[in-house]
Every structure is written in structure tokens, then in C-alpha cells.
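Numbering (full-length UniProt numbering), first residue to last: 1 to 392.
In C-alpha cells form, the structure reads like this:
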């Protein structure tokens with residue numbers, strides 16, 4: 001594959017070649033020796049809040065289709081650079097442009113520190129198919145945060161192969177890999193232990209970062225993706241998209257979600273040692289996984305109207321799930337998806353299927369009164385989800 005010039009200067013004396021994708025060299029390191037350390041930063045969901053399919057737009061089966069990373073899945077969300085290009089385009093409620101806020105600040109600080117350290121190499125790793133569009137988008141995002149890397153790898157090759165090339169090129173004494181938890185962890189650790197036991201290998205878990213793009217734009221882009229998929233079919237029936245009613249819920253507005261996360265993502269409630277592996281939510285109170293009859297709506301309030309929500313108790317299964325019991329103004333119902341009380345899920349292990357969250361909520365052993373005062377706005381909604389129907 002071609003090595004491409006990107007931000008800043010290239011290393012000409014020792015070019016780091018990529019077997020797939022491309023690599024960008026930013027600064028010259030003079031000390032290629034056994035004293036060198038390499039820091040590898042995973043881009044998607046670790047360094048950057050990469051957009052994911054919106055679960056308030058698509059049902060779970062459709063999201064599974066869009067996030068299936070199989071090589072032959074041309075509906076793979078991560079193969080289409082358009083979705084990454086839309087990151088941050090949906091502005092915050094105050095009208096600000098959020099791209100510079102969509103990063104892991106701790107990792108950004110490490111990257112900046114490494115620029116002036118001749119004994120450390122920073123490598124950005126992006127597990128995607130290389131395209132020129134993807135390259136340009138990532139470079140532009142890095143400029144927003146003023147981040148420089150010794151090299152940038154956009155490649156679908158096995159991570160072990162990337163590490164092997166890094167070792168051959170730089171002969172480091174240690175390698176640190178900063179990434180959210182994924183299924184590759186044990187494989188990589190075993191590989192390093194068996195094949196490179198003379199190199200110190202550190203696997204640093206970081207929080208899973210994600211964002212959403214504008215739902216209307218997302219819908220249009222997924223339609224384009226499906227049409228492209230159908231255009232490549234030689235036989236069989238086409239993939240279609242249909243609408244279905246999925247459930248009823250209270251939507252928590254963005255400002256309220258931020259307030260809940262700020263008040264309850266604390267070391268006291270969610271110890272820091274667990275935070276890196278959790279997925280944070282605080283966006284809704286689920287009422288039913290179906291559209292409830294119109295006659296029952298009056299128990300919950302006015303459809304699409306505004307209500308106020310106040311946390312009264314908090315509970316958890318440590319490292320697994322963290323939730324709040326809440327009171328909702330003008331809501332007199334005692335029937336919700338997870339039991340008699342309205343529940344806001346603050347965070348949970350992303351390995352848990354959303355369909356199984358209720359099983360874990362009901363297993364929380366102790367609910368304690370909350371000391372934190374938080375009153376946030378919410379709105380009663382009917383969830384109309386889209387379903388992708390794969391052709392035969």
C-alpha cells in the first residue's frame with residue numbers, strides 16, 4: 001500500500017510502511033533504540049467520540065446489521081466515511097460547535113506531551129478500511145484538537161500484524177495501547193506474551209466514547225447506503241427499510257443528561273477503576289417496549305409535553321450497571337419497563353444487550369437515597385423505529 005504524506009514532516013531515514021491503509025509521519029525521532037517507548041491510541045470510541053447508529057432511530061436488529069464488521073458487509077457503518085464526517089455537526093443546544101469537545105482529554109494530553117519527548121512515539125490506530133475520504137476526515141479532526149502523531153494507521157489488518165511492524169521498525173522497550181475494552185484484548189495480550197516477552201506491554205482501558213449525528217441526516221445517509229448496497233446486487237431481493245412502533249418512553253433532554261452525568265458519575269458512586277469500561281447513557285426512562293393504548297397515556301402525562309424529573313434513589317451492581325429511581329412530575333403511573341418505579345440507567349457494561357438491561361436492574365440489591373439535587377426536563381414520547389429488512 002502507498003504511504004502518504006499528511007500533517008507535518010515525514011521521516012525519510014526510516015519510513016514506516018503500512019501493509020494496508022496509510023501512514024502519516026509528523027516528526028523526526030532520532031533515538032531509534034531499545035530505550036524507545038511506543039504509545040498506540042485507538043481512534044474510534046477511545047480517543048474520539050465516533051458516531052454510532054442511533055438506537056432511538058433504528059431497532060436493535062438494524063443496529064446489529066449496521067455495526068457488523070464482517071468484511072463482506074457493505075452496510076457496515078464504519079466503512080462509510082460520511083457518518084464520521086458528520087461528527088459534531090449536530091450542534092449543542094447553546095449553538096456551539098462541539099467537535100473540539102468530542103475527545104478524551106487525558107489521552108490528548110499524553111499525545112501532546114509525547115511531541116517533545118524524543119523517547120516516545122505516538123501512533124494513531126484506526127480499525128477501518130482506508131479511503132482517501134477517511135484519511136482527510138481524520139486529519140481535519142486532528143487539526144481541530146491540534147494533535148500530532150508520529151504516524152497514523154488506517155488499516156483493517158490484524159492488530160498483531162501492526163504491532164509486529166512497529167516492533168520491527170522501532171525496536172521499542174515498551175508498548176502501551178490505549179483503547180476501550182473490546183474482544184481483542186486477550187488475543188493481543190497472549191500474542192505479546194508468547195511472541196515478544198522481552199517487550200513490556202501495557203493495555204490501558206479507557207472510557208467508551210460515542211456520539212450521535214442528526215437523526216434526519218442519519219436516516220437519509222442510511223437510505224443512500226442501502227441503495228448503494230442494492231445497486232451492487234447481482235441476484236436476490238433488495239434490502240428495504242420499514243417503520244414500526246417499538247415503545248413508549250420519557251426522553252431526557254441533552255442539558256438534563258449532562259447534568260445527571262456530572263452529578264452521578266463520581267468516584268463515590270461509580271469508582272474510577274470501572275468508568276473506563278462502561279457505556280454512559282442517562283437519556284431516557286423506558287415505559288414500555290410497545291406503543292401503549294391512548295387511554296393509558298393520561299397516567300404518564302401529555303404526549304410530547306414537558307415534565308420535570310428528579311432522582312430519589314441510586315443503586316448499582318458494581319462494574320455492571322448503575323441506575324437511578326426517579327420521580328416524574330404529573331406522572332401517576334406505577335408500571336414501567338423495569339418495574340413499578342421509573343428508572344434512569346446512568347451507565348452499564350456495553351457487553352450487556354440493551355434488551356437484557358431490565359434483568360440487571362431488577363437484580364440491584366440496595367437502593368440508597370440520593371444527596372445530589374438534580375431536576376431535569378423530560379418529554380413523553382412514542383418511539384417509532386426503523387427496521388432494515390435484509391434481502392434474501
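Positions of the beta carbon are idealized from the N, C-alpha and C atoms, including for glycine.
As the structure is a prediction and not an experimental result, all values here were calculated from the model.
{"Item": "3-residue-minimum beta strand (DSSP E) runs that sit fully inside the stretch 238-325, ordered along the chain", "Value": "240-252, 284-288, 306-317"}
{"Item": "Assumed close pair residue 345, residue 357 - CB separation to whole angstroms, cut-off 8 angstroms", "Value": "6 angstroms"}
{"Item": "Limits of the beta strand (DSSP E) - the one that residue 370 falls within", "Value": "Note, residue 370: premise wrong, no beta strand (DSSP E); not H, not E."}
{"Item": "Assigned secondary structure, residue 88 (DSSP; H/G/I helix, E/B strand, else coil)", "Value": "coil"}
{"Item": "Strand pairing of residue 39, partner residues [DSSP]", "Value": "122, 176"}
{"Item": "For residue 428, the first and last residue of its enclosing alpha helix (DSSP H)", "Value": "With the chain covering only 1 through 392, there is no way to say anything about residue 428."}
{"Item": "Short Cβ contact (7 angstroms threshold) for residue 177 with residue 40", "Value": "yes"}
{"Item": "Same chain, Cβ closer than 8 angstroms to residue 261, neighbours up to 5 away in sequence not counted", "Value": "280, 282, 346"}
{"Item": "Through-space distance from residue 63 to residue 353, alpha-carbon basis", "Value": "12 angstroms"}
{"Item": "DSSP state of residue 63 mapped onto helix, strand, coil", "Value": "helix"}
{"Item": "Residue 375 Cβ short of 6 angstroms to the ligand GDP heavy atom set", "Value": "Inclusion of the ligand GDP in the displayed structure is not the case, the ligand content being empty and no account of it being possible."}
{"Item": "Minimum C-alpha distance to residue 308 - residue among 297, 331, 142, 320", "Value": "331"}
{"Item": "Buried or exposed (CB count within 10 angstroms, at least 16 for buried), residue 380", "Value": "buried"}
{"Item": "Collapsed DSSP secondary structure at residue 382 in the structure displayed", "Value": "strand"}
{"Item": "Local conformation of residue 208 per DSSP, three classes", "Value": "coil"}
{"Item": "Anticipated Cβ contact below 8 angstroms, residue 299 with residue 333, distance rounded", "Value": "4 angstroms"}
{"Item": "DSSP beta-bridge partners of residue 103", "Value": "48"}
{"Item": "When 209, 351, 220, 173 are compared against residue 198, the one with the closest alpha-carbon", "Value": "173"}
{"Item": "Proximal residues to residue 234 (C-beta, below 6 angstroms), its chain only, five neighbours per side dropped", "Value": "none"}
{"Item": "Local Cβ density within 10 Å of residue 19, reported as buried at 16 or more and exposed below that", "Value": "Confidence in residue 19 is poor, its pLDDT being 38 and thus under 50, which makes the residue's placement too unreliable to answer from."}
{"Item": "Nonlocal neighbours in the same chain, by C-beta distance under 8 angstroms from residue 364, ignoring five residues either side", "Value": "315, 316, 317, 321, 323"}
{"Item": "Cβ-Cβ distance between residue 389 and residue 240 below 7 angstroms", "Value": "yes"}
{"Item": "Collapsed DSSP secondary structure at residue 199 in the structure displayed", "Value": "coil"}
{"Item": "Supposed close pair residue 134, residue 81 - CB separation, criterion 8 angstroms", "Value": "4 angstroms"}
{"Item": "Residue 333 in three-state terms, based on DSSP", "Value": "coil"}
{"Item": "Among 339, 319, 343, nearest to residue 325 - alpha-carbon criterion", "Value": "343"}
{"Item": "Buried or exposed (CB count within 10 angstroms, at least 16 for buried), residue 21", "Value": "With a pLDDT of 44 at residue 21, under the threshold of 50, the modelled position of this residue cannot be trusted, and the question is left open."}
{"Item": "Neighbour-count burial assignment, residue 223, 16 or more Cβ in a 10 Å radius", "Value": "exposed"}
{"Item": "Which residues DSSP lists as bridging residue 344, in chain order", "Value": "285, 324"}
{"Item": "Candidates 341, 361, 147, of which the one nearest residue 349 by Cα", "Value": "361"}
{"Item": "Where residue 354 sits in the DSSP three-state scheme", "Value": "helix"}
{"Item": "Coarse secondary structure for residue 116, derived from DSSP in three states", "Value": "coil"}
{"Item": "DSSP state of residue 145 mapped onto helix, strand, coil", "Value": "helix"}
{"Item": "Short Cβ contact (7 angstroms threshold) for residue 311 with residue 255", "Value": "no"}
{"Item": "Best match in 116, 87, 175 for proximity to residue 123 [C-alpha to C-alpha]", "Value": "175"}
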